[in-house]
Structure formats: structure tokens, C-alpha cells
Amino acid sequence: MNDISPRFFNQVSQLAHVSTTYAIAFTCGHRWGARGLISSSVIIFAYALVHEFIWDPRMENMATRGSDLEDFLYLCAGPILAALIWSIP
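Counting from 4, one number per residue, gives the positions in the sequence shown under the working numbering.
See below:
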């Protein structure tokens, strides 16, 4: 269990949160335009709320458990970043 530092594990997890949700939102925006970007972002935000504040407190492993708020914010950062980049002319 002590093979990886919790700080490093958290950094990798947050990078995964942002990159995954960014890829989903950006791809939907590219494929279906603004409607795809907005729809996927709403779904991601809803997922993040349920996952981080309902599922994780009950089911996540306490050894790897981080901050629910931090995880939520990183999950939401992906679609925000996608919207910013997608909107560049």
C-alpha cells in the first residue's frame, strides 16, 4: 500500500479527471456543435455531483480517498476547458 505516495496518486487522478471529461465534451462539441458541447457538459456536471457527493463517500476505498470537492472541481474543469478551447475561432 505504501508503494505510491498519496500526493502523486492524487495528481495523476486529477489529471485523469480533467483529460477524460475534456475529451468527452470536446468530442461531443466537435461532432454535434454547441448542442453537443452543452449537453455533454450538463451530463458530466450531473455525473460529477452524484459520483463525488453520493457514490464516493459510501463506496470509495479509504486508502485512496481524496477530497470530494477537489475531485468534483477537476471533473468540471474538463468541460469548461473544452468550451474555452472549442470557442476559439
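No residue lacks a Cβ here, since even glycine has one placed at the ideal position from N, Cα and C.
Any non-hydrogen atom of the ligand GTP closer than 8 Å to residue i Cβ
i: serine 42; result: The ligand GTP is not among the ligands present in this structure, which contains no ligands whatsoever.
Unbroken alpha helix (DSSP H) run spanning residue i, endpoints
i: glutamate 63; result: Unbroken run through glutamate 63: none, as it is neither H nor E.
i: histidine 54; result: Where histidine 54 is concerned, there is no enclosing alpha helix (DSSP H), given that its DSSP letter is neither H nor E.
i: proline 82; result: 71 to 89
Whether residue i touches residue j by CB criterion (9 Å)
i: phenylalanine 48; j: leucine 40; result: no
i: alanine 86; j: glycine 32; result: yes
Closest by C-alpha distance to residue i, when choosing among the options
i: threonine 23; options: Asn13, His54, Glu73 and Pro82; result: Pro82
i: leucine 84; options: Pro9, His20, Phe12 and Phe11; result: His20
i: tyrosine 77; options: Gln17, Phe12 and Arg10; result: Gln17
i: tryptophan 58; options: Val45, Asp74 and Ser44; result: Asp74
i: glutamate 55; options: Leu72, Val15 and Met65; result: Leu72
i: proline 9; options: Trp89, Ile91 and Met65; result: Met65
Local Cβ density within 10 Å of residue i, reported as buried at 16 or more and exposed below that
i: serine 70; result: exposed
i: serine 44; result: buried
i: alanine 37; result: exposed
i: alanine 26; result: exposed
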